[in-house]
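One point on numbering: in UniProt numbering, the residue at position 269 of the first sequence is 269, and numbering is uninterrupted.
No residue lacks a Cβ here, since even glycine has one placed at the ideal position from N, Cα and C.
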Amino acid sequence: MATERYNPKAAEPRWQAVWDENKLFETRNDAPGEKYYVLEMFPYPSGRIHMGHVRNYAMGDVVARFKRARGHNVLHPMGWDAFGMPAENAAMQNKVHPREWTYANIATMRAQLKSMGLSLDWSREFATCDVDYYHRQQMLFLDLLEKGLAYRRKSKVNWDPVDNTVLANEQVIDGRGWRSGAPVEQRELTQWFFTITEFAEDLLSALDHLPEWPEKVRLMQRNWIGRSEGLLVRWRLDAANKPADIDEVEVFTTRPDTLFGASFVAVAPDHPLSKAAAAGNPKLAAFVEEARRGGTSAAEIETAEKKGFDTGLRAVHPLDPNWTVPVYVANFVLMDYGTGAIFGCPAHDQRDLDFARKYALPVVPVVLPEGADAATFDVGTEAFTGEGTLFHSRFLDGLTPDEGFDAVAKRLEDTDLSGRPQAKRQVNFRLRDWGVSRQRYWGCPIPVLHCEACGVVPEARENLPVRLPDDIDFEKPGNPLDRHPTWRQATCPQCGGPALRETDTMDTFVDSSWYFARFTSPHAAGPTDPQIANAWLPVNQYIGGIEHAILHLLYSRFFTRAMRATGHLDLDEPFKGLFTQGMVVHETYRDGSEWVVPADVSITEADGARTATRLSTGGQIAIGSIEKMSKSKKNVVDPDDIIASYGADTARWFMLSDSPPDRDVIWTEAGVEGAHRFVQRLWRVVSEAAPHLAGAAEAPSDDPAATALRKAAHRAAAGVTDDIERLAFNKAVARLYELVNALAGPFASLDTAAPEARAAAREAATILVRLVAPMMPHLAEECWQALGETGLCAAAPWPVAEPALLRDDEVTLPVQINGKKRGDLTVPAGADKAAIEAEALALDFVQAALGGQAPKRVVVVPGRIINVVV
RNA sequence: GCGGGCGUGGCGAAACGGUAGACGCAGCGGACUCAAAAUCCGCCGUAGCAAUACGUGUCGGUUCGAGUCCGACCGCCCGCACCA
Numbered sequence: 001m002a003t004e005r006y007n008p009k010a011a012e013p014r015w016q017a018v019w020d021e022n023k024l025f026e027t028r029n030d031a032p033g034e035k036y037y038v039l040e041m042f043p044y045p046s047g048r049i050h051m052g053h054v055r056n057y058a059m060g061d062v063v064a065r066f067k068r069a070r071g072h073n074v075l076h077p078m079g080w081d082a083f084g085m086p087a088e089n090a091a092m093q094n095k096v097h098p099r100e101w102t103y104a105n106i107a108t109m110r111a112q113l114k115s116m117g118l119s120l121d122w123s124r125e126f127a128t129c130d131v132d133y134y135h136r137q138q139m140l141f142l143d144l145l146e147k148g149l150a151y152r153r154k155s156k157v158n159w160d161p162v163d164n165t166v167l168a169n170e171q172v173i174d175g176r177g178w179r180s181g182a183p184v185e186q187r188e189l190t191q192w193f194f195t196i197t198e199f200a201e202d203l204l205s206a207l208d209h210l211p212e213w214p215e216k217v218r219l220m221q222r223n224w225i226g227r228s229e230g231l232l233v234r235w236r237l238d239a240a241n242k243p244a245d246i247d248e249v250e251v252f253t254t255r256p257d258t259l260f261g262a263s264f265v266a267v268a269p270d271h272p273l274s275k276a277a278a279a280g281n282p283k284l285a286a287f288v289e290e291a292r293r294g295g296t297s298a299a300e301i302e303t304a305e306k307k308g309f310d311t312g313l314r315a316v317h318p319l320d321p322n323w324t325v326p327v328y329v330a331n332f333v334l335m336d337y338g339t340g341a342i343f344g345c346p347a348h349d350q351r352d353l354d355f356a357r358k359y360a361l362p363v364v365p366v367v368l369p370e371g372a373d374a375a376t377f378d379v380g381t382e383a384f385t386g387e388g389t390l391f392h393s394r395f396l397d398g399l400t401p402d403e404g405f406d407a408v409a410k411r412l413e414d415t416d417l418s419g420r421p422q423a424k425r426q427v428n429f430r431l432r433d434w435g436v437s438r439q440r441y442w443g444c445p446i447p448v449l450h451c452e453a454c455g456v457v458p459e460a461r462e463n464l465p466v467r468l469p470d471d472i473d474f475e476k477p478g479n480p481l482d483r484h485p486t487w488r489q490a491t492c493p494q495c496g497g498p499a500l501r502e503t504d505t506m507d508t509f510v511d512s513s514w515y516f517a518r519f520t521s522p523h524a525a526g527p528t529d530p531q532i533a534n535a536w537l538p539v540n541q542y543i544g545g546i547e548h549a550i551l552h553l554l555y556s557r558f559f560t561r562a563m564r565a566t567g568h569l570d571l572d573e574p575f576k577g578l579f580t581q582g583m584v585v586h587e588t589y590r591d592g593s594e595w596v597v598p599a600d601v602s603i604t605e606a607d608g609a610r611t612a613t614r615l616s617t618g619g620q621i622a623i624g625s626i627e628k629m630s631k632s633k634k635n636v637v638d639p640d641d642i643i644a645s646y647g648a649d650t651a652r653w654f655m656l657s658d659s660p661p662d663r664d665v666i667w668t669e670a671g672v673e674g675a676h677r678f679v680q681r682l683w684r685v686v687s688e689a690a691p692h693l694a695g696a697a698e699a700p701s702d703d704p705a706a707t708a709l710r711k712a713a714h715r716a717a718a719g720v721t722d723d724i725e726r727l728a729f730n731k732a733v734a735r736l737y738e739l740v741n742a743l744a745g746p747f748a749s750l751d752t753a754a755p756e757a758r759a760a761a762r763e764a765a766t767i768l769v770r771l772v773a774p775m776m777p778h779l780a781e782e783c784w785q786a787l788g789e790t791g792l793c794a795a796a797p798w799p800v801a802e803p804a805l806l807r808d809d810e811v812t813l814p815v816q817i818n819g820k821k822r823g824d825l826t827v828p829a830g831a832d833k834a835a836i837e838a839e840a841l842a843l844d845f846v847q848a849a850l851g852g853q854a855p856k857r858v859v860v861v862p863g864r865i866i867n868v869v870v
């Protein structure tokens, strides 16, 4: 009997409407069931969704639907990371207000997401540019300010000359702005900062307690935080020619054990000592000036030649008052790491060695590699940084570097030259405070005022929100808030006098650092309802791209701690489980120098060679490498097109099949068609069987055919459950193909089957449909209905496998001779080793291999294998 | 340079130390059809008619047994990189 083909175009909107009407995915905070919070990184409303979104949200939706079916109270919200530069760029290019542009994009993208049939709670939706949201963010800012977690200081900043704004260190990639790609310059500005460094130690050590995070991400964060243990050591300046008001220079070192190999001290160009020394030395002043300016771009700094200038000053060795070393100003010493001063031990640090060779400074090895001869050991052009034994080091001789570290620390901590210890242990971090000031319009205004009388004053809470003005112009570069005629004018909440508003807005990474908390009570008067937020958080499963491994995830971890400090949350870690999915990649096509979109390309295959024809011209074009879908290479496939021609279920299924979710998936037309074939096949198998299942008996019988069906279904249930639990969607997909393959034959002959066999078939069909439902929810509803099941499949409980059906009565074991498989042996499931061994040894081919001899050894692993060693 | 990951058919990939290649894509053969599409059945690592042999980047090791564990090397991908 032929059935109608499944028509997703009709079915998908219909089921989406039914779910909506039933408010199936609206989550009540007090609903029964263990809470489970699934979250995918919310999108930036750039205009349209792309395949990366489809993959991300398909995965999250599988988890959400699965957990819901398992009886959890699932929170699965969606919102918009809506502030940011592209809206301003659009405003400049198209004369459209950023707000209009943003909300129009949101409307488009919301409709696209809805067409995917995601089980989202849209009642909790918000955009970070909603006044409601940034109002709460301003409250948070004032709380942070009050607690000393936000502060203002003058600092060198990364200035993006194209976007005309400041960038955080994290936003500078290879010396270029992460968004504009322009070489970043260094400028000095007064900026707002969050004290992320206060939490450095905790942010680092807590990584050890995030077992459900990818090791890769934890490692990247560890490196970013960059903890190093060292010693602060004060070097007195030789009294002979020191500057009047500076007596000493403090250096930070992680290798105090190599102090006896010291041959110079170097300070940063910005160091007070540089300035003092340059005062009476025009040449030095010129060097300092050049070094400070020298290469404003970070890229230049990295490749810049390492240069120094001898100040003529001498520093006294902390362990020998009669030993002095020259003090240099060096362009590679950074003022904002450690103390801005180092001592150089050329033998055991490559950079110091290069420097010493260049300026003819002594190179004295003090760590002897194992096996080397103390009398002859010398470093050539390569510094020795390995383990060994200290020598040429007086009281440290014979110690290991670690022991030497401790010995020096002890000696200098105790030494008391001027009423203070000469050194102290210190832990330094590479992590810097998070600069959040942005000189942009389309962001959350920083709610402070500048009063001539009172200085920087927080806006009064009753005056919040500080709203963005609507009437702005983007005719000129720079920050439109700065030149707004009236917006800046305000009243000082302290003295009542006139004050000017801060015109910096917050980095958009602030917006995304707490949105997951806001979702738990999106209408709360404060930033969160702490009780509700604490009940939902941490997010059980967070899913997004690896590109956020440092920025967004580190900021969110900090913000969660900051929100704890300000009483809005009571936890440290926002995301218990993190999954970073791979990208969607596609072949590229090129017509001469022009990239061609896949929709304009037809691929033909003959004799293993593939040729591409451009549809619009009929000409043959080149097939290029497989790359991340991007507008620049035009290798993008629009999700709308796919959904229109195949349906959302096909797109979802394809995204989940084939590639493991953490790896890149290659989007191919053939793959999508394969996925769609399965959609139709599943529909055919179920819908053609359905009429025969209506009259099924209540209980399945235990005849072999019925049991085989039941076993197949229950095994798949156990396997798919396990796979989804581990986010191995590709394996779950494979298992479902297997199940359908196993059911198709028996289902085709149901018209002659006994009622009991039909009962087994019915059970298998309902299990199959429910297993498929998280991935292809519309098709599942359609099948569910065809099977005559009541209620919605999306509300049906997850199938539970019966353990009895997962066991076999008999097992077939491979029999190996000397580790090579030579045959099989079928034994009862519970057979003991001795019985199996006896049976195996009686096999013809085993006897033949033995040739009358006794086996050297027989390995029997019940349920696994038999290996006869002859 | 440092750190991490990965190398398995034509392709995407499976495989608690236990039958390598499940499942899908592509391909090949057949059925149905006037024909095509769709669908169904079968084949599909290499060599060989076959029995069989050889096969998980290379070389070595551990083991009754290695894609999996250990060592060395080769290649690719990703992250970080004046951090004292």
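Around the CB of S616, fewer than 16 other CB atoms lie within 10 Å, so the residue is classed as exposed. Excluding its 5 nearest sequence neighbours in each direction, S274 has C-beta neighbours in its own chain below 6 Å: V267, V288, V329, listed in chain order.
Per DSSP, the unbroken alpha helix (DSSP H) holding W224 starts and ends at 215-225. Segment contact: the segment 493-508 against the segment 440-455, three or more CB-CB distances shorter than 8 Å; contact assigned. H450: not part of any alpha helix (DSSP H); member of the beta strand (DSSP E) spanning 448-451, first to last residue.
The three-state secondary structure of A622, taken from DSSP, is strand. Residue state for N428 is assigned as strand, using DSSP reduced to three classes. Each of R5, G52, R68 was checked against the Cα of R28, and the nearest Cα belongs to R68.
Short of 6 Å from the beta carbon of L219, and not among the five residues preceding or following it, lies no beta carbon of its own chain. Residues N867 of the same chain have their beta carbon placed closer than 6 Å to that of V859, with the five preceding and five following residues left out of the count.
Per DSSP, the beta-bridge partners of M506 are S437. In the three-state reduction of the DSSP assignment, S602 falls in the strand class.
Sixteen is the threshold: since fewer than 16 other Cβ atoms of the shown chains lie within 10 Å of the Cβ of G830, the residue is exposed. In the DSSP assignment, Y36 is bridged to V74. Here L368 is near F377, since their CB atoms are less than 8 Å apart. L189 has S155 as its beta-bridge partners, per DSSP.
Between A648 and S115, the C-beta spacing is below 8 Å. Taking C-beta atoms as the reference points, V366 and A383 fail to come closer than 8 Å.
In the DSSP assignment, E688 falls within the unbroken alpha helix (DSSP H) covering 669-693.
Judged by DSSP secondary structure, V63 falls within the alpha helix (DSSP H) whose first and last residues are 51-69.
Contact annotation: V679 and F747 have beta-carbon atoms that are not nearer than 8 Å. A residue is called buried when at least 16 other Cβ atoms come within 10 angstroms of its Cβ; D529 meets this threshold and is buried. Under the DSSP assignment, K833 falls in the alpha helix (DSSP H) whose first and last residues are 833-842. Beta bridge pairing from DSSP links K820 with I817. Under DSSP, V367 takes part in a beta bridge, and its partners are L390. The alpha-carbon separation between P183 and T505 amounts to approximately 23 Å.
According to the DSSP secondary-structure assignment, G863 is paired through a beta bridge with no residue.
The beta carbon of F509 lies closer than 7 Å to those of L551, H552, Y555 in the same chain, with the five residues before and after it left out.
Runs of the alpha helix (DSSP H) spanning 4 or more residues and lying entirely within the segment 510-548 occur at 515-518, 530-536, in chain order. If you draw a 10 Å sphere on the C-beta of S645, you find fewer than 16 other C-beta atoms in it, and that means exposed. Look at the beta carbons and you see the segment 772-781 touching the segment 46-65: at least three pairs across the two are nearer than 8 Å. Ranked by how close their Cα comes to the Cα of G338, the residues K410, F474, L431 have L431 in first place.
In this structure the segment 619-633 lies against the segment 591-608, because at least three pairs of beta carbons, one per stretch, are closer than 8 Å.
Annotation for A801: H714, R715, A717, A718, T721 place their beta carbon closer than 8 Å to its own, counting only its chain and skipping 5 residues before and after. Rounded to the nearest whole angstrom, the CA to CA distance from T190 to L396 is 47 Å. Using a C-beta cut-off of 8 Å, the segment 512-523 makes contact with the segment 118-134, since at least three inter-stretch Cβ pairs fall below that distance.
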